[in-house]
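Trainee: Quick note: to get my numbering, add 9 to the position in the sequence shown (first position is 1). For glycine and all other residues, C-beta sits at the position ideal for the given N, C-alpha and C.
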Amino acid sequence: MSKKKIEIKQEDKAPANGDQEETGVLENAEDENPQDGVAPDEVDKDRDGNKENKDDPVAELERRVDDAIKEKNAMNDRLLRVAAEFDNYKKRMDRQWVDFKKYANESLIRELLSAVDNLERAVAAASGEDSKDSPLVSGVKMTLKEIQRILEKFGVVPIDAVGKPFDPGLHEAVARKESDEFEENIVSEEYQKGYMIHDRLLRPSMVVVSSGKKESREEKNGNEQ
Numbered sequence: 010m011s012k013k014k015i016e017i018k019q020e021d022k023a024p025a026n027g028d029q030e031e032t033g034v035l036e037n038a039e040d041e042n043p044q045d046g047v048a049p050d051e052v053d054k055d056r057d058g059n060k061e062n063k064d065d066p067v068a069e070l071e072r073r074v075d076d077a078i079k080e081k082n083a084m085n086d087r088l089l090r091v092a093a094e095f096d097n098y099k100k101r102m103d104r105q106w107v108d109f110k111k112y113a114n115e116s117l118i119r120e121l122l123s124a125v126d127n128l129e130r131a132v133a134a135a136s137g138e139d140s141k142d143s144p145l146v147s148g149v150k151m152t153l154k155e156i157q158r159i160l161e162k163f164g165v166v167p168i169d170a171v172g173k174p175f176d177p178g179l180h181e182a183v184a185r186k187e188s189d190e191f192e193e194n195i196v197s198e199e200y201q202k203g204y205m206i207h208d209r210l211l212r213p214s215m216v217v218v219s220s221g222k223k224e225s226r227e228e229k230n231g232n233e234q
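(1) Expressed to the nearest angstrom, what Euclidean distance is found between the alpha-carbon atoms of Met215 and Lys186?
(2) Round the Cβ separation of Leu122 and Arg212 to the nearest angstrom and send it over; I've been treating them as touching at under 8 Å.
(3) Which residues share a DSSP beta bridge with Leu210?
(4) With the cut-off set at 9 Å, would you say Ala124 and Ile156 are in Cβ contact?
(5) Do you know how far the Cα of Lys162 is from the Cα of Tyr112?
(6) Shortest alpha-carbon distance to Glu193 belongs to which of Leu89, Leu179, Val171 and Gly203?
(7) Roughly how many whole angstroms lie between the Cα atoms of Lys150 and Val217?
(8) For the candidate residues Phe175, Pro174 and Leu179, whose alpha-carbon lies nearest to that of Pro167?
(9) Assign Ser136 to buried or exposed, taking buried as 16 or more other Cβ atoms, counted over all protein chains shown, within 10 Å of its Cβ.
(10) How would you label Ser220, buried or exposed, when you count the other beta carbons within 10 angstroms and need 16 or more for buried?
(11) Whole angstroms is fine: what's the gap from Lys222's alpha carbon to Glu181's?
(12) Is Lys223 near the ligand ADP, with its Cβ less than 8 Å from a heavy atom?
(13) If you run the structure through DSSP and keep just helix, strand and coil, what is Val171?
(14) Please state whether DSSP places Ser116 in a helix, a strand or coil.
(15) Beta-carbon separation of Val165 and Tyr200 under 9 Å?
(16) Just the C-alpha distance for Lys95 and Leu153, rounded to the nearest angstrom, thanks.
(17) Taking the alpha-carbon positions, what's the Ala93 to Gly148 distance?
(18) Starting from Ala184, follow its DSSP beta bridges and name the residues at the other end.
(19) When you compare the CB positions of Ile206 and Ile118, do they come within less than 9 Å of one another, or not?
(20) For Glu198, list the residues DSSP reports as bridge partners.
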């Protein structure tokens, strides 16, 4: 009985081994063909991914083109700014050159005015002594006129002060006096003539400013009291 039992057990085990062998064959088949178990959606995604990879060079080229355009625009902006700055610099240099030519002789002319003052005093003194001009006085007058003509050629003109309202930007007050001819704060006398060179003050006029009529001042003081 023991031998029969042993044979039966062996027969029972045989089919089991066969099943295992078939199972192993199936597993190997699955390992050899992994795509058979992949879902269709995943396959489509892989295909789309491959397509995107193929389009990458085009996207990279577009990005480079955009960067080049931005760089070109930035360079154009810098060029425009530099051109504007250079234009402003050129205009400023032109103005400075014009001013230099207008006022280059300012110091020399200012020194020359002292000689003009002396000639005017000499002419005034000579004219007061005798109504008829001597040859010497006539010569001095001609010299004075010639100098004044040259000064005017360089844009130097005298300031008209007497009878004008006192202007601290043009006049230098040396005294205040009562005047029957001029109202208060009006230039009544001129001690030294002032001059302008173009639109710039070359020398202020030294003047006496009227404080008004004596009667007017007394009336004003009485009204205030």
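Mentor: Looking at the coordinates:
(1) Mapped onto the sequence shown, residue 215 falls at position 206. Mapped onto the sequence shown, residue 186 falls at position 177. Straight-line Cα distance between these residues: approximately 14 Å.
(2) Translated into positions along the sequence shown, residue 122 becomes position 113. Translated into positions along the sequence shown, residue 212 becomes position 203. Between Arg212 and Leu122 the Cβ distance is about 6 Å, and since that is below 8 Å, they are a contact.
(3) In the sequence shown, counting from the first residue as 1, residue 210 sits at position 201. Partner(s): Met205.
(4) Counted from its first residue, the sequence shown places residue 124 at position 115. Counted from its first residue, the sequence shown places residue 156 at position 147. Yes, they are a contact pair.
(5) Numbered from 1 along the sequence shown, position 103 holds the residue referred to as residue 112. Numbered from 1 along the sequence shown, position 153 holds the residue referred to as residue 162. If you take the alpha carbons of Tyr112 and Lys162, they lie about 13 Å apart.
(6) Within the sequence shown, the letter at position 184 stands for residue 193. Ranking the options by Cα distance to Glu193, first place goes to Val171.
(7) The sequence position of residue 150 within the sequence shown is 141, counting from 1. The sequence position of residue 217 within the sequence shown is 208, counting from 1. Cα-Cα distance, rounded: 27 Å.
(8) For the purposes of this step, residue 167 is taken as residue 158 along the sequence shown, with counting starting at 1. Taking only the C-alpha atoms, the option nearest Pro167 is Leu179.
(9) In the sequence shown, counting from the first residue as 1, residue 136 sits at position 127. Counting Cβ neighbours within 10 Å, Ser136 comes out exposed, since fewer than 16 surround it.
(10) As a first step, residue 220 is located in the sequence shown; it is residue number 211 there, counting from the start. Classification for Ser220: buried.
(11) Your numbering for residue 222 matches position 213 in the sequence shown. Your numbering for residue 181 matches position 172 in the sequence shown. Each residue's alpha carbon lies about 21 Å from the other.
(12) Among the components of this structure there are no ligands whatsoever, and the ligand ADP is therefore not found.
(13) Position 162 of the sequence shown holds residue 171. Of the three classes helix, strand and coil, the one that applies to Val171 here is coil, per DSSP.
(14) Numbered from 1 along the sequence shown, position 107 holds the residue referred to as residue 116. The answer is helix: DSSP assigns Ser116 an H, G or I state.
(15) Numbered from its first residue, the sequence shown carries residue 165 at position 156. Numbered from its first residue, the sequence shown carries residue 200 at position 191. It is not a contact, given that the beta carbons lie outside the stated cut-off.
(16) To locate residue 95, count along the sequence shown from 1; it is residue 86. To locate residue 153, count along the sequence shown from 1; it is residue 144. As written in the sequence, residue 95 is Phe, which differs from the Lys given in the question. Their Cα atoms are separated by approximately 47 Å.
(17) Walking along the sequence shown from the start, residue 93 turns up at place 84. Walking along the sequence shown from the start, residue 148 turns up at place 139. Approximately 57 Å between the Cα atoms of the pair.
(18) Walking along the sequence shown from the start, residue 184 turns up at place 175. Val217, per the DSSP bridge assignment.
(19) Taking the first residue of the sequence shown as position 1, residue 206 is located at position 197. Taking the first residue of the sequence shown as position 1, residue 118 is located at position 109. Contact: yes.
(20) For the purposes of this step, residue 198 is identified with residue 189 of the sequence shown, where counting begins at 1. The partner list for Glu198 (beta bridge, DSSP) reads Val217.
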